[in-house]
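J.: I have a structure here, written as structure tokens, and I will follow up with some questions on it.
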Amino acid sequence: MSTERFAAALCVSLLAFGLLAAAPAGALYLNAPTISVEVGPGTSPGSFNNTFDNGQTIDKVIDAPSADAEEFHNQTTHIWFTADEVGGGLELLFDFGQGYDIDTLHFWNYTSESYDVDDVAFSFYDPSNNFLGSLSVQPELGSSPGILAQDIALIAPLNAQFVTAFLTGTNRQVDFQNIGFSGEETIIPEPSTAILLGVGLAGLASRSRRR
Ligand SMILES: [Ca+2]
Ligand SMILES: [Ca+2]
């Protein structure tokens, strides 16, 4: 191959690589079974009331099929925790299964101040469990009678896989329908692509030297 043709081929592969790296995967709504949620050990002493009656599970937090889904408050859809003391709350641990560049939080709150969630303290961690950052959110009351999510733009926690959320109510009550996240899969260039590029550049340099 001539140096010119080699350089042209390299440009094409660089272009392909650039497009690959820049191509957005498209914002995804992360819900079950893509992600999982569990009650964290940081949960304060308190009562889950009717939350787990009749075999219901904590997956009620992530069962909305889409970010704009409407949910009605009943025992099969909501979570209700009452802390023993003011300041106590419910800890939830989310795992997205891989890194995502999160851009929106969706929160389906209860519809009245007497039971709604007043504050959520989030902490974000990457796939290696390195701390990325924290965020405190005061969600609005849910809409009534059908509860729709409040969408809250997040300052892009990049490559987040694990999220801890601590939910509290000023009157000890924590009642809500769902917590959701939207984002794009974090794209990390394949090591093999980087090695191939390095080999190509080295080859081009040696050809130039020979000329
Ligand atoms: Ca739900
Ligand atoms: Ca409240």
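Counting along the sequence shown from 1, when you hit position 116 you're at 201 in the numbering used here, and nothing is skipped either side. Quick reminder that beta carbons are idealized off the backbone N, C-alpha and C, glycines included.
Excluding the five sequence neighbours on either side, which residues of its own chain have a C-beta within less than 8 Å of the C-beta of PRO276, listed in chain order?
T.: For PRO276, where only same-chain residues beyond five positions count, there are no Cβ hits under 8 Å.
J.: From what residue to what residue does the beta strand (DSSP E) around HIS191 run?
T.: Its beta strand (DSSP E) spans residues 175-194.
J.: When you compare the CB positions of VAL248 and PHE207, do they come within less than 9 Å of one another, or not?
T.: Result yes, Cβ atoms of VAL248 and PHE207 sit closer than 9 Å.
J.: Can the beta-carbon of HIS191 be found closer than 9 Å to that of ASN263?
T.: In contact: HIS191 and ASN263 (Cβ atoms closer than 9 Å).
J.: Quick one: grab the DSSP three-state call for ASP148.
T.: Coil, per DSSP.
J.: Evaluate VAL171 with the Cβ neighbour count: other Cβ atoms within 10 Å of its Cβ, from every protein chain shown; 16 or more gives buried, anything less gives exposed.
T.: By the 10 Å Cβ count, VAL171 comes out exposed.
J.: Tell me whether SER277 sits in a helix, a strand or coil according to DSSP, three-state version.
T.: Helix, per DSSP.
J.: Distance check for LEU243 and THR271, CA to CA, integer angstroms please.
T.: If I take the Cα positions, the gap works out to 7 Å.
J.: Considering only residues of the same chain and omitting the five flanking positions on each side of VAL205, which have a CB-CB separation below 6 Å?
T.: Answer for VAL205: VAL222, ALA250 and LEU252, listed in chain order.
J.: Pop quiz: TRP193 and GLY227 are said to be a contact at Cβ under 8 Å. What is the actual Cβ separation, rounded to whole angstroms?
T.: That belief holds up - the Cβ atoms of TRP193 and GLY227 are roughly 6 Å apart, short of 8 Å.
J.: Using alpha carbons as the reference points, say which of SER132, THR255, PRO274 and ALA152 lies closest to GLU198.
T.: Out of SER132, THR255, PRO274 and ALA152, THR255 has the C-alpha closest to the C-alpha of GLU198.
J.: Can you tell me where the beta strand (DSSP E) with ALA206 in it begins and where it stops?
T.: Residues 204-210.
J.: What residue range is occupied by the uninterrupted beta strand (DSSP E) comprising TYR200?
T.: No beta strand (DSSP E) holds TYR200; DSSP gives it neither H nor E.
J.: With DSSP as the reference, label ILE164 as helix, strand or coil.
T.: Three-state DSSP puts ILE164 in a strand.
J.: Which residues mark the beginning and the end of the beta strand (DSSP E) in which GLU270 is found?
T.: Note, GLU270: beta strand (DSSP E), 258-270.
J.: So ILE147 and ALA117 are in contact, right, with Cβ under 8 Å, and what is the actual spacing, rounded?
T.: Confirmed, Cβ separation roughly 5 Å.
J.: Could you spell out the range, first to last residue, of the beta strand (DSSP E) harbouring ASP138?
T.: Note, ASP138: premise wrong, no beta strand (DSSP E); not H, not E.
J.: Along the beta strand (DSSP E) that carries LEU243, what are the first and last residues, could you check?
T.: No beta strand (DSSP E) holds LEU243; DSSP gives it neither H nor E.
J.: Got a sec: does ligand 2 put a non-hydrogen atom nearer than 8 Å to the Cβ of ASN256?
T.: Yes, Cβ of ASN256 sits closer than 8 Å to a heavy atom of ligand 2.
J.: Within 8 Å: the Cβ of GLU156 and any heavy atom of ligand 1?
T.: GLU156 Cβ: within cutoff of ligand 1.
J.: Would you list the one or two residues that DSSP bridges to THR253?
T.: Looking at the DSSP assignment, THR253 forms a beta bridge with ASP204.
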